[in-house]
Amino acid sequence: MDEIAAEIEPLIPSLRRYARALLHDRDAADDLVQSTLERALTRWRLRRPGGDLRAWLFTIERNLYLDQRRRAVRRGPAVDLDSRGPFTDGAAGPERSLIARDALARLGDLPEDQRSLLLLIGVEELSYEQAARVFDVPVGTIMSRLSRAREALRHSVEAGRTTVLRRVK
Amino acid sequence: MTARRPLSEDDLQAYVDGRLEAARRAEVEAYLESDAEAARRIAGQIADRDDLRARLAAVAAEPIPARLSIAHLRSERRAFAGQRFGAIAAALAFLLIGGAGGWLASERWHRTPTILAAAPVADAAMVAWRTYAVEVAHPVEVSADQEAHLVKWLSRRLGRKLTAPKLDALGLKLIGGRLLPATSGPAAQFMYEDAQGRRVTVYVRPGGDAEPSAFRFERTGELAAFSWIDAKLSYAVVAQTDRDHLLGIARAIYQQYEAL
């Protein structure tokens, strides 16, 4: 039975990192990871034999995240689970946001599909095929979305900069 | 000399990700040297990716909190067995209730709302239960003694491979099934009976392109339903029973369809 732990546990740091990038808040992110792991354990025997464990776990995690967002939206603006607040790791000083917003902050400007795509491919290093499985689209679609998402993130730099300049003036 | 495949945006993206084989990478590099604008764009994309990685590196290096250890989660799962699952399902059911309006505002990019597709299936299944489960003379169209024919017929009409779930282990005997009209085409109903003659129905219909959803619980008066979407089929199991009992049945059905 420890073989399940042996398979899943090496992937937990990745699942936590993705969750943290989506949710910013440490506890909320770990809640998401916990739900992901619980669901994975519930469905362990239902997983396709020989299937890709990483792609499977990220699919579960992302779907749970999306469920959670829909729920939050329905409850009203008071519960903003997806706040674009500062990423609190102590590295970002208060002036940081005024100078140049780092990629993580700018990522918050993008829609969820683009954020997840950039995180799963760029940071978690999923293959394009694995990403296609997570998003349930053909690999070709992943490639064109990836290009668009990276452009969007770039544009977000420029947009961010102009606002900052205006504010500083 | 073999004809070279022209460079594409896909190659540039694979270059950003460092996933090109050496020969192709050299071609991309040569191209970028010749086009300053493209070089600037790609360098920016690489810088963004590196920035994201650097900002998030610390998270992956943190020790994993105890509550996320698999051993811990497994022992907890054993302790709470179905109860815990029931609580999660109930919470999800509660949370999924609500209009689609808010949902539509939530995603710019997203596909068909699962919630919209999931909500009516329980209603339709409950209506069908009320119509046929109380029926004494003709509860089903095709009875269980012709199960193979029933399953084949319903599969053909729904255009999907169905099965009459085996629920004998839960004390439920298949009586038979019938074809029902639904808004988007035909639906199938399988009917079961326990030793006391209480009836449970399993309602299945094509669920469009909706994504798999969690179990959703609903109760109207005495009647309870669990519904879910999986592999592009919408399911609802309906009975006059309590939630935990029904959840056990729903899980059994879910697993049998997953195994199809």
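From first to last, the protein sequence lines stand for chains A and B.
The first sequence begins at 1 in my numbering and counts up one residue at a time.
The second sequence begins at 170 in my numbering and counts up one residue at a time.
Even glycine gets a Cβ: it sits at the ideal position worked out from N, Cα and C.
Between residue i and the rest of its own chain, which residues show a CB-CB distance below 7 Å, the 5 nearest in sequence each way excluded?
i        : result
B:Ala183 : Leu189
B:Ala313 : Leu343, Ile344 and Gly345
A:Ser83  : Any reading at A:Ser83 is ruled out, since the residue's pLDDT is 44, under 50, leaving its predicted position unreliable.
Hey, residue i and residue j are a contact pair by Cβ (cut 8 Å); roughly how many whole angstroms apart?
i        : j        : result
B:Ala302 : B:Pro308 : 7 Å
B:Pro437 : B:Leu327 : The question about residue 437 of chain B has no answer here: the residues shown for chain B are numbered 170 through 429.
A:Leu57  : A:Leu11  : 6 Å
A:Ser147 : B:Glu178 : 5 Å
A:Ala5   : B:Ala240 : 6 Å
B:Thr370 : B:Trp298 : 5 Å
B:Arg218 : B:Val185 : 6 Å
B:Ala207 : B:Leu201 : 6 Å
B:Arg236 : A:Gln34  : 6 Å
A:Leu118 : A:Ala149 : 5 Å
A:Leu14  : B:Ala229 : Sequence inspection shows Ser at residue 14 of chain A; the Leu mentioned does not correspond to that position. So it is a contact: roughly 7 Å between Cβ atoms.
Is there a C-beta anywhere in chain A that falls below 7 Å from the one on residue i?
i        : result
B:Gly328 : no
B:Gln409 : no
B:Leu176 : no
B:Val290 : no
B:Asp220 : yes
B:Gly417 : no
B:Ile233 : yes
B:Glu362 : no
B:Val303 : no
B:Ile215 : no
B:Glu387 : no
B:Val406 : no
B:Ala229 : yes
Using a beta-carbon distance below 7 Å, is residue i in contact with chain B?
i        : result
A:Gly51  : no
A:Asp102 : yes
A:Leu126 : no
A:Ala149 : no
A:Asp82  : Because A:Asp82 sits at a pLDDT of 48, beneath the cut-off of 50, its placement in the model cannot be relied upon, and the following sentence gives the value as read from the coordinates. Not an interface residue.
A:Pro13  : yes
A:Arg54  : no
A:Arg47  : no
A:Leu146 : yes
A:Leu153 : yes
A:Leu37  : yes
A:Arg20  : yes
A:Ile60  : no
A:Ile142 : no
So who's on the other strand from residue i, going by DSSP bridges?
i        : result
B:Trp397 : B:Tyr404
A:Thr141 : Answer by DSSP bridge pairing: none, since A:Thr141 is not bridged.
A:Tyr128 : Answer is none; A:Tyr128 lacks a bridge partner.
B:Val369 : B:Tyr361 and B:Ala408
B:Lys342 : B:Glu362
B:Arg347 : B:Gln358
B:Thr389 : B:Leu392
B:Arg374 : B:Ser403
I need the DSSP call for residue i, collapsed to helix, strand or coil.
i        : result
A:Ala123 : One point to set straight first is that residue 123 of chain A is Val, not Ala, in the sequence displayed. The answer is helix: DSSP assigns A:Val123 an H, G or I state.
B:Val311 : strand
A:Asp109 : coil
B:Pro381 : coil
B:Glu190 : coil
A:Ile12  : helix
B:Glu245 : helix
A:Asp136 : coil
A:Glu151 : helix
Please go through the same chain and pick out, in chain order, the residues whose beta-carbon is closer than 8 Å to the beta-carbon of residue i, but skip the five residues on each side of it.
i        : result
A:Leu32  : Ala19, Leu22, Leu23, Glu61, Leu64, Tyr65 and Gln68
B:Asp411 : Ala393
B:Glu364 : In the sequence as presented, Glu is not what sits at residue 364 of chain B; that position holds Ala. So the qualifying residues of the chain are Gly340.
A:Asp30  : Arg16 and Ala19
For residue i, which residues of its own chain have a beta-carbon under 6 Å away from its beta-carbon, when the five flanking residues on both sides are left out?
i        : result
B:Gln358 : Ala297, Gly346, Arg347, Leu349, Thr370 and Tyr372
A:Val79  : Below a pLDDT of 50, predicted positions are generally treated as unreliable, and A:Val79, at 40, falls in that range; no measurement from the model is reported.
B:Arg420 : none
B:Trp397 : Ser382, Phe384 and Tyr404
Can we count residue i as close to the ligand MN, meaning its CB is less than 6 Å from some heavy atom?
i        : result
B:Thr352 : Only the bare structure without any ligand can be found here, which leaves the ligand MN out of the picture.
Taking 7 Å as the CB-CB cut-off, is residue i touching chain C?
i      : result
A:Ala5 : Protein chains A and B are contained in the structure displayed, whereas chain C is not.
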